[in-house]
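Whatever position you read off the sequence shown (first residue = 1), add 1391 for this note's numbering.
Glycine included, C-beta positions come from ideal geometry on N, C-alpha and C.
Please read the structure below before turning to the comments.
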Amino acid sequence: MRDEIRAAIDRVVESQIFINGSEVEGLEEEVAAYSQCRYGIGVSSGTDALLAALMAIDIRPGDEIITSPYTFFATAGTIWRLGARPVFVDIDPLTYNMDTSPSGGLEAAITPRTRAIMPVHLYGQMAEMDPIMEIAAKHKLIVIEDAAQAIGSEYKGRRAGSIGHLGCFSFFPSKNLGGFGDGGMVTANDEALAERVRLLRGHGAFPKYYHKFVGGNFRLDALQAAVLRVKLKYLDSWSAGRQRNAAIYRELFAKAGLDQVGLPMEAGQRRHIYNQFVIRVTKRDELIAHLKKNQIGTEIYYPVPLHLQECFASLGHQQGDYPASERAATETIALPIYPELSDADKSRIVEVIASSGLV
Ligand SMILES: Cc1ncc(COP(=O)(O)O)c(C=O)c1O
């Protein structure tokens, strides 16, 4: 891609249009179309996508937003920054997404102060959206999809970001569509909501210097947009590479007889884009050390569930409140899954796990 990306960067440099402009608009149209949405609004990061989305629905101090405790910090951090309260619903231990079963507590978490539900499509697999949308409609709640890890993933043929009222994407370099720095996108099908996000991205001004409401500088750089437009053309082939890697890992784990290792579960009627391939083991920390010794990189997504984060102590949660999330936080390891990972590397990774004596 080097030549294509350099040409795209040159195009921006020659134009001297570094903020907004045709590259950002082009990416917005292309990501919206890719995500089966009418509107896309480029923003400075996935975090700012969430913040702008919450601001667009006028979240205020005291409001409650229902979300998952097992996600990247930004999901709840943005809620908190607006003075609102994250209300957690535990995860399904097999998919790591919000438990939407009737006994999972989603509907029970709704109070008169609840304004929105924010499901997270963790690791590249969409949450069970039908019950979420049904419960939201019944209680007149907004749904904001945290699709930061899930661009192009599908639920019943519908893409991440297109089912809720707003969708939030991240172009952090580790995502399936990663920029040369930070970036993000908000998607919407409702014109008024999209327009509100667009205004909020530029300090709520329209026209320039006339501020209808307080927004922020949540703009996406034209340079990032130009790079991302080149990379978007390859996204499907990369996601297919990740899916292929996942399928081969499954075969290798089965052949090695490693039944004790919890492999990622593909829920029905989904397109999983494998932003991460997360396995579950009991001796997690020892296994990570063993893999590291063998020069195999891993990551823990995430070691501390959000309800137990120090900064949220005033929410009054304790160990045991969300057991599935707490257990996942002690047992999960993400293995390398990037599209270019060779078959030899995957075999070696599974061999090193098999010979560790730790699973
Ligand atoms: C689930 C989730 N939400 C939000 C974010 C925030 O995105 P960013 O890092 O682009 O601000 C991320 C990215 O790390 C994420 O994984």
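For the alpha helix (DSSP H) holding D1676, just list the boundary residues, first then last.
As a position in the sequence shown, residue 1676 is number 285, starting the count at 1. R1675 to K1684 is the extent of the alpha helix (DSSP H) around D1676.
Quick one: what's got a C-beta closer than 6 Å to F1604's C-beta in the same chain, skipping five residues either side?
Translated into positions along the sequence shown, residue 1604 becomes position 213. Result list for F1604: G1595, in chain order.
Are the beta-carbon atoms of T1578 and L1557 separated by less than 8 Å?
Residue 1578 sits at position 187 when you count from the first residue of the sequence shown. Residue 1557 sits at position 166 when you count from the first residue of the sequence shown. Closer than 8 Å, so yes.
Would you say D1537 touches ligand 1, meaning its beta carbon is less than 7 Å from a heavy atom?
Numbered from its first residue, the sequence shown carries residue 1537 at position 146. The answer is yes for D1537.
Using alpha carbons as the reference points, say which of G1648, V1652 and V1621 lies closest to E1421.
Counted from its first residue, the sequence shown places residue 1421 at position 30. Considering only alpha carbons, the answer is V1621.
Taking 7 Å as the cut-off, is the beta-carbon of F1609 closer than that to any non-hydrogen atom of ligand 1?
Within the sequence shown, residue 1609 is the residue found at index 218, counting from 1. F1609: no, Cβ never under 7 Å from ligand 1.
Please name the residue or residues paired with T1462 in a DSSP beta bridge.
Counting from 1 along the sequence shown, the entry for residue 1462 is found at position 71. In DSSP, T1462 forms no bridge with anything.
So V1480 is in the beta strand (DSSP E); what residue range does that whole segment cover?
Indexing the sequence shown from 1 puts residue 1480 at position 89. Note, V1480: premise wrong, no beta strand (DSSP E); not H, not E.
I'd like to check one pair, I1450 with L1473: are the Cβ atoms closer than 8 Å?
One-based indexing of the sequence shown puts residue 1473 at position 82. One-based indexing of the sequence shown puts residue 1450 at position 59. Closer than 8 Å, so yes.
List the DSSP bridge partners of E1546.
Residue 1546 sits at position 155 when you count from the first residue of the sequence shown. Checking the sequence shown, residue 1546 turns out to be Tyr, not Glu. Per DSSP, R1549 and R1661.
Does the beta-carbon of S1630, which I'm using as the reference point, lie nearer than 7 Å to any heavy atom of ligand 1?
Against the sequence shown, residue 1630 aligns to sequence position 239. Taking 7 Å as the cut-off, the C-beta of S1630 does not count as close to any heavy atom of ligand 1.
Less than 7 Å separating the Cβ of L1678 from some heavy atom of ligand 1?
Residue mapping note: residue 1678 aligns to position 287 of the sequence shown, counting from 1. Because no heavy atom of ligand 1 lies under 7 Å away, the Cβ of L1678 does not count as near it: no.
Assign Q1710 to one of two classes, buried (16 or more other C-beta atoms within 10 Å of its C-beta) or exposed (fewer than that).
Your numbering for residue 1710 matches position 319 in the sequence shown. It is exposed - the Cβ of Q1710 has fewer than 16 other Cβ atoms within 10 Å.
Beta strand (DSSP E) containing I1508: first to last residue?
Counted from its first residue, the sequence shown places residue 1508 at position 117. Segment T1505 to M1509, the beta strand (DSSP E) holding I1508.
Is it a yes or a no for the segment 1634-1652 touching the segment 1524-1542, going by three-plus beta-carbon pairs under 8 Å?
no
Out of Y1425, Q1615 and I1679, which has the shortest C-alpha to C-alpha gap to I1687?
What you label residue 1687 is simply residue 296 of the sequence shown in a count that begins at 1. Of the candidates Y1425, Q1615 and I1679, the one whose C-alpha sits nearest the C-alpha of I1687 is I1679.
Contact defined as beta carbons within less than 8 Å: I believe D1454 pairs with R1504. What is the distance between those atoms, to the nearest angstrom?
Counted from its first residue, the sequence shown places residue 1454 at position 63. Counted from its first residue, the sequence shown places residue 1504 at position 113. The pair is a contact, with the Cβ atoms about 6 Å apart (cut-off 8 Å).
Assuming S1561 and G1433 form a contact by the criterion Cβ under 8 Å, report the distance between their Cβ atoms to the nearest whole angstrom.
As a first step, residue 1561 must be located in the sequence shown, where it is residue number 170. As a first step, residue 1433 must be located in the sequence shown, where it is residue number 42. Not a contact, Cβ separation roughly 12 Å.
Would you mind reading off the limits of the alpha helix (DSSP H) that contains F1560?
Position 169 of the sequence shown holds residue 1560. Looking at the DSSP string, F1560 is not in any alpha helix (DSSP H); the run it does join, the beta strand (DSSP E), is L1557 to S1561.
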